[in-house]
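Encoded as structure tokens, the structure appears first; notes follow it.
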Amino acid sequence: MDKRQLIEVLRRNPKNVRVRKLCKIAEAFDFRFRGGKIICISTQ
Numbered sequence: 167m168d169k170r171q172l173i174e175v176l177r178r179n180p181k182n183v184r185v186r187k188l189c190k191i192a193e194a195f196d197f198r199f200r201g202g203k204i205i206c207i208s209t210q
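Position in the sequence shown counted from 1, then plus 166, gives you my numbering.
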């Protein structure tokens with residue numbers, strides 16, 4: 167899936183988004199994760 171398709175998934179049903187899907191979308195927008203907890207780090 168590209169970035170637009172991932173965003174469409176959020177727009178269609180924003181209340182029913184799994185954490186894994188949200189992390190995948192964040193990674194598509196160049197965020198990286200550190201450690202075992204979900205902490206997003208911007209690479210820009």
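Heads up, the beta-carbon is just placed ideally off N, CA and C, and yes, glycines get one too.
Computed from a predicted model, the values in this text were never measured in an experiment.
In whole angstroms, what is the alpha-carbon distance linking residue i and residue j?
i: R177; j: E193; result: 18 Å
i: V175; j: M167; result: 10 Å
i: C189; j: N179; result: 16 Å
Answer yes or no: do residue i and residue j have a C-beta to C-beta separation smaller than 8 Å?
i: F199; j: K169; result: no
Taking 6 Å as the limit between beta carbons, can you name the residues of its chain near residue i, skipping five residues before and five after?
i: N182; result: none
i: I191; result: L172
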